[in-house]
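Structure record follows, encoded as structure tokens.
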Ligand SMILES: Cc1ncc(COP(=O)(O)O)c(C=O)c1O
Ligand SMILES: Cc1ncc(COP(=O)(O)O)c(C=O)c1O
């Protein structure tokens, strides 16, 4: 039992006391980045004021403390996502994007050859597309896209054909544009049934619902600290210890080697093989605090709350603003999360965001780094509003008020 | 004129109020990582509490502020190192190591072919060795080492032979083990005279002396925020705008593209081409504060002060501890900086560091990610003490006291 | 502080709702594409240049109100003018779109010349919204490119 | 709080200064290398195993006082013992080197058996210095490997 209360989260989040153009901030851009609670900011402060030192090769007190903080964060993040061997399966990267590059350049380059297929979906973020295109240029692999249906869901009719020659199915748990919630465990099973491994982009999931890599049965999972109330500059790449052990190094440098001679080098074992150079130590301390904070809220409670708010938001948007706002994404709240791509009749998303800003409302206009998806639905851009655990019903009311003003201004 | 006062810096640095085993901390590990002043920690706090948002594609107020902070940091860091075009030449990476990997995988892969030589030195940090070994494995380039003399300096007798077939000379400004200060401008000129480009590892330089990429006439410069009073999780790759424009992308994902279709992608132009995914925004705010803080101290004043302290340290170490401590590195203070690799007769560096810890003295034992250098001098490890702008003469006295106790304990 | 009124002048919204010179030209001297990767705005400029005069101009594409209005106003301002005049209008517009770090009121940058260029001065308020400057200048950069293309044709 | 005395017992320093069983064996049943990348410690274990008895052991290499003392004490503890006894000693030592998250005094983990293993109990204090545990266990991990190697030889 947790006693999740969004108003409590709001109080914990310093940025939400800000005013924008003389109005309280209405932050609806958590899909871009979440706002860290004081506990996360203070954890990093404490690190810098009390424990900072470079990790791993130290003997003195603060070096040990920094190492404990960093390795402790690794284990705690591992447990948070249900990793079977938390100490040995979590690699810290700088963001989700680097995690996918690591997947493509290390596992991909070692296991894929010309003609092998990596299956992604048309709803992927560029982070899970461009690295595969780069591998295609280098190695002649094929990158295939699962198409999207008019219902804003994956079109999996032709499963067997889609999986022909596929070595890896890499897909997002939740679309950062449509809010679509994919059936992760079923998709992983489909991949395994077809002899492929499965990678999950959990960037939009991990701060909003309980994540269990074992329940998913996934082989790789990537996400970012800054989308789960944590700091910038830190991402996570998770894979099973056995796969990790088989992956060749990616970036080269200090910390990732066992030995270097003038004639060659021997890579280290374990996650550090993929963590060349001084890692994001303070950021790991911040993520650890974020994980604790989220755990304290209770991820199931957060998911339930955001779901209820999603239902409300869909209703409000459908009924207000004279029917001039279309939500690009699944109609059914059960099939989606609180990410709302808005198409306002006659008003460009850029202008929508501009007018909303005047009301202190933060939404993101653009292609959201998902251009194939945008093309699929014939959109150049949308104005995206998205929820976090600190979002209140009142935020939705301000959103609707501001949308009404937008429609009025543009006539 | 600045009024540099190390005691003032000390007061500004929260970690220096810590006690270790009941004694005040004696931090002598700045070569591993420097301690950030309050101004840096608070700049990141202010960012998270007042301005955090994802950068670049925003329209709303805080997204603009975050973008201004991030791009402002880029420009300010550029000016700090004398970049001719500060806004367009600084790429933010996660550390020096990633910067060298970017150099090797982007510029290197595009410009080097089998048989081409990358010249490094025997005193390089692994960050400037392993990426070249990786490129050698992939492309068959040759990695050649400038040897080290018994005087702990580069042995450049055979310059013409060394430079045969060299396309890039990549070397450190200051050795992180020996403290040796290399003649950067002269080495760059030698590279250019031999038709090669020159990359400088400025990790040990940029927080301790004025850095001017134009005076060096360097083509590439890499360094880390955490070695110049800044945060973890952020590094800098600098190159001339014209070279940057010619470099192919490295990591792929959001933010680094102009367009993505299901059949390919077009990379963006400018530094962002190399910044895939959400960048280290708070860290950039921290580095900007570090740059301002260092500028406020005056880098010339810092260099002068650390030089004087280096003279004192060399004298103290030679005269005390019954002559049982050897400093591995140049004898002459003019040829070196405040990095002292200690070899204590009859006591393993690991044990030296352990006993010193008891006295609150933080020194680093190990190979310092420079194994070729260690092999060159027949060492498995050293105990390294290194200075920062907050180091006082008193710190050296405690070091000597603790070294005396070490020698006594081990008899 | 800048308010929405500074950005969305009535005349701008008018051009957005009823853009001038929309469409394609059958036999253009130049057809040039412009692109703003940040917001996805796309623009195609069609020109007919004869004897040093920009005889006709048409535009297609999509984008936000500022980019659409700016391109529409631009087309009205340059159509039928000698290229030398067009270049001067472009220069004046670009300098109006330059952020003044010292906080100078952008309206003060509206030269008398620009005022005679007609409605263009209404875009001066965009400078108060730095992220939108790119929206306003897309058409103009594309026009500059198109004139170069035409000279080469 | 742990003090230096917990780590650097006199008996440990004695083994460090005068290591037992240093050197190489001419015809070893196994010759096995151990390596601690963190601090650069290197160790080579030479074994002669005959009829299930570890008849002789010698060590070369370099490392810190803890790794040197631990290997020296180990060699003294296992030399001449049946392999089954050696395995038990290894197990007991390893369990002594296990950090007890609940803060149990590591000395309490020194079993009576281990006390009879002689001086080894002096290494119990190492557990209070977690980064040094790897120094103490290097020799033991290498010995385990060497016994396996000998079985295969
Ligand atoms: C000379 C030198 N180069 C490169 C590095 C690597 O820096 P980082 O670990 O921040 O990538 C270091 C510090 O460890 C260094 O001293
Ligand atoms: C689904 C998804 N994948 C990947 C990313 C990339 O994350 P990052 O920018 O932190 O690398 C994002 C967020 O931008 C996302 O929403």
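Residue numbers (this note's numbering), protein chains in the order written: chain A, 1 to 411; chain B, 412 to 822; chain C, 823 to 975; chain D, 976 to 1128.
Beta carbons are placed, not taken as given, at the ideal position from N, Cα and C, and that holds for glycine.
task = Could you tell me the boundaries of the beta strand (DSSP E) in which residue 235 (chain A) lies?
result = Locating residue 235 (chain A) in the first chain gives position 235, counting from the first residue. Where residue 235 (chain A) is concerned, the enclosing beta strand (DSSP E) stretches over 235-239.
Practice task
Leaving aside the five residues before and after residue 235 (chain A) along the sequence, list all residues of the same chain whose C-beta is less than 8 Å from its C-beta, in chain order.
Solution key: Taking the first residue of the first chain as 1, we reach residue 235 (chain A) at position 235. So the qualifying residues of the chain are 92, 93, 94, 95, 96, 97, 98, 99, 222, 223, 224 and 225.
Worksheet item: Between residue 123 (chain A) and residue 370 (chain A), is the Cβ-Cβ spacing less than 8 Å?
Response: Counting from 1 along the first chain, the entry for residue 123 (chain A) is found at position 123. Counting from 1 along the first chain, the entry for residue 370 (chain A) is found at position 370. Yes, the pair counts as a contact, with Cβ atoms nearer than the cut-off.
Review point. Mind listing which residues of the region 684-710 of chain B have their C-beta closer than 8 Å to chain C's C-betas, in chain order?
Key: Taking 8 Å as the Cβ-Cβ cut-off against chain C, none of the residues of the region 684-710 of chain B qualify.
*Alpha carbon of residue 1064 (chain D) to alpha carbon of residue 1052 (chain D), nearest angstrom*: Taking the fourth chain and counting its residues from 1, one reaches residue 1064 (chain D) at position 89. Taking the fourth chain and counting its residues from 1, one reaches residue 1052 (chain D) at position 77. About 8 Å.
So does the region 758-778 of chain B actually touch the region 56-64 of chain A, counting three or more Cβ pairs closer than 8 Å? Cβ pair count under 8 Å is three or more, so yes.
**Message:** Please tell me whether residue 215 (chain A) and residue 115 (chain A) are closer than 8 Å, where the distance is taken between their beta carbons.
**Reply:** For the purposes of this step, residue 215 (chain A) is taken as residue 215 along the first chain, with counting starting at 1. For the purposes of this step, residue 115 (chain A) is taken as residue 115 along the first chain, with counting starting at 1. With respect to residue 115 (chain A), residue 215 (chain A) sits apart: the two C-beta atoms are not nearer than 8 Å.
Original post:
Looking at the C-beta of residue 524 (chain B), does it have a partner C-beta in chain C at a distance below 8 Å?
Top reply: Position 113 of the second chain, counted from the first residue, corresponds to residue 524 (chain B). False, the Cβ-Cβ gap to chain C never drops below 8 Å.
Margin query: Is the beta carbon of residue 330 (chain A) closer than 8 Å to that of residue 178 (chain A)?
Written below: By 1-based counting over the first chain, the position of residue 178 (chain A) is 178. By 1-based counting over the first chain, the position of residue 330 (chain A) is 330. Against a cut-off of 8 Å, the Cβ pair of residue 330 (chain A) and residue 178 (chain A) comes out as a contact.
Inter-residue Cα distance where the pair is residue 230 (chain A) and residue 106 (chain A): As a working note, residue 230 (chain A) is residue 230 in the first chain. As a working note, residue 106 (chain A) is residue 106 in the first chain. The alpha-carbon separation between residue 230 (chain A) and residue 106 (chain A) amounts to approximately 26 Å.
Note to self: Please list the terminal residues of the continuous alpha helix (DSSP H) segment that includes residue 585 (chain B).
What the structure shows: Here residue 585 (chain B) corresponds to residue number 174 of the second chain, with the count starting at 1. Unbroken run through residue 585 (chain B): none, as it is neither H nor E.
- Message: Let me check understanding here. Comparing Cα to Cα, which of B:584, B:541, B:677 and B:528 lies closest to residue 605 (chain B)?
- Response: For the purposes of this step, residue 605 (chain B) is taken as residue 194 along the second chain, with counting starting at 1. If we check each option's Cα against that of residue 605 (chain B), B:528 comes out closest.
Inset, instruction - Following the continuous alpha helix (DSSP H) through residue 59 (chain A), name the residue where it begins and the one where it ends. - result: Here residue 59 (chain A) refers to the residue found at position 59 of the first chain. Here residue 59 (chain A) belongs to no alpha helix (DSSP H), and DSSP marks it neither H nor E.
> Is DSSP giving residue 251 (chain A) helix, strand or coil here?
Replying inline: Within the first chain, residue 251 (chain A) is the residue found at index 251, counting from 1. DSSP places residue 251 (chain A) in coil when its eight states are reduced to three.
If you draw a straight line from the alpha carbon of residue 515 (chain B) to that of residue 851 (chain C), how long is it in whole angstroms? Working through the second chain from its first residue, we reach residue 515 (chain B) at position 104. Working through the third chain from its first residue, we reach residue 851 (chain C) at position 29. Each residue's Cα considered, the two are about 45 Å apart.
Would you give the residue range spanned by the beta strand (DSSP E) that residue 532 (chain B) belongs to? Taking the second chain and counting its residues from 1, one reaches residue 532 (chain B) at position 121. 528-532 is the extent of the beta strand (DSSP E) around residue 532 (chain B).
Count the other C-beta atoms from every protein chain shown that fall within 10 angstroms of the C-beta of residue 921 (chain C), then say buried if there are 16 or more, exposed otherwise. Here residue 921 (chain C) refers to the residue found at position 99 when the third chain is read from its first residue. So residue 921 (chain C) ends up on the exposed side.
- prompt: Just the Cα atoms here: how many angstroms apart are residue 1006 (chain D) and residue 1022 (chain D)?
  reply: For this step, residue 1006 (chain D) is matched to residue 31 along the fourth chain. For this step, residue 1022 (chain D) is matched to residue 47 along the fourth chain. Cα-Cα distance, rounded: 7 Å.
**Item:** First through last residue of the beta strand (DSSP E) which encompasses residue 858 (chain C)
**Value:** The residue given as residue 858 (chain C) occupies position 36 in the third chain. Start and end: 852-858.
*What residues in its chain sit with their C-beta under 6 Å from that of residue 420 (chain B), if we drop five residues either side in the sequence?*
Here residue 420 (chain B) refers to the residue found at position 9 when the second chain is read from its first residue. Excluding positions up to five away in sequence, the list reads 800 and 801.
* Asked: Considering only residues of the same chain and omitting the five flanking positions on each side of residue 1030 (chain D), which have a CB-CB separation below 6 Å?
  -> Position 55 of the fourth chain, counted from the first residue, corresponds to residue 1030 (chain D). Excluding its 5 nearest sequence neighbours in each direction, residue 1030 (chain D) has C-beta neighbours in its own chain below 6 Å: 1023, listed in chain order.
- request: Only counting runs of 4 or more residues, tell me where the alpha helix (DSSP H) segments fall wholly within the region 885-911 of chain C, in order along the chain.
  value: DSSP assignment within the region 885-911 of chain C yields the following whole alpha helix (DSSP H) runs of 4 residues or more, N-terminal first: 887-900.
Q: With DSSP collapsed to three states, give me the class of residue 505 (chain B).
A: Locating residue 505 (chain B) in the second chain gives position 94, counting from the first residue. Reduced to three states, the DSSP call for residue 505 (chain B) is coil.
Going by alpha carbons, who is nearest to residue 1036 (chain D) out of D:1114, D:1122 and D:1062? Residue 1036 (chain D) sits at position 61 when you count from the first residue of the fourth chain. Looking at the Cα atoms, D:1114 is the closest of the given residues.
Next on the checklist: Can you check whether the C-beta of residue 865 (chain C) is within less than 8 Å of a C-beta belonging to chain B?
Outcome noted: As a first step, residue 865 (chain C) must be located in the third chain, where it is residue number 43. No, no contact with chain B.
Subject >> Cβ of residue 593 (chain B) within 8 Å of any chain A Cβ >> reply: The count along the second chain starts at 1 and reaches residue 593 (chain B) at position 182. Output row for residue 593 (chain B): interface = no.
**For residue 475 (chain B) and residue 824 (chain C), the rounded distance between their alpha carbons** = Taking the third chain and counting its residues from 1, one reaches residue 824 (chain C) at position 2. Taking the second chain and counting its residues from 1, one reaches residue 475 (chain B) at position 64. The straight-line gap from Cα to Cα measures roughly 14 Å.
Against chain C, with Cβ distances strictly below 8 Å, would residue 679 (chain B) count as a contact? Counting from 1 along the second chain, the entry for residue 679 (chain B) is found at position 268. Yes - at least one Cβ of chain C is within 8 Å of the one on residue 679 (chain B).
*If you drop the 5 nearest sequence neighbours on each side, which residues of the same chain put their C-beta closer than 6 Å to that of residue 136 (chain A)?*
The residue given as residue 136 (chain A) occupies position 136 in the first chain. Same-chain partners within the cutoff: 143.
Handout entry: Start and end residues, beta strand (DSSP E) containing residue 222 (chain A)
Key = Translated into positions along the first chain, residue 222 (chain A) becomes position 222. Residue 222 (chain A) -> beta strand (DSSP E) spans 220-224.
Please work out which residues of its chain come closer than 8 Å, Cβ to Cβ, to residue 817 (chain B), disregarding the five sequence neighbours upstream and downstream, and give them in chain order.
Here residue 817 (chain B) corresponds to residue number 406 of the second chain, with the count starting at 1. Excluding sequence neighbours, residue 817 (chain B) sits near 755, 758, 762, 763, 766 and 767.
| field | Same chain, Cβ closer than 7 Å to residue 324 (chain A), five either side skipped, listed in chain order | value | Locating residue 324 (chain A) in the first chain gives position 324, counting from the first residue. Closer than 7 Å at the Cβ level, and outside the excluded window around residue 324 (chain A), lie 344, 345 and 407.
- Item | Segment contact flag, the region 654-662 of chain B with the region 675-690 of chain B, C-beta cutoff 8 Å, min 3 pairs | Pairwise C-beta distances place the region 654-662 of chain B in contact with the region 675-690 of chain B, as three or more of them are shorter than 8 Å.
* Exposed or buried, which one is residue 157 (chain A) when buried takes at least 16 other CB atoms within 10 Å? -> Within the first chain, residue 157 (chain A) is the residue found at index 157, counting from 1. With fewer than 16 other Cβ atoms from the protein chains shown falling within 10 Å of its own Cβ, residue 157 (chain A) counts as exposed.
Which one of B:584, B:769 and B:614 has the shortest CA to CA distance from residue 431 (chain B)? Here residue 431 (chain B) is taken as the residue at index 20 of the second chain, counted from 1. The residue among B:584, B:769 and B:614 with its C-alpha nearest the C-alpha of residue 431 (chain B) is B:769.
Return the residues of the region 997-1015 of chain D that lie within a Cβ-Cβ distance of less than 7 Å from chain A, sorted by chain order.
Flagged, chain order: 1012 and 1013.
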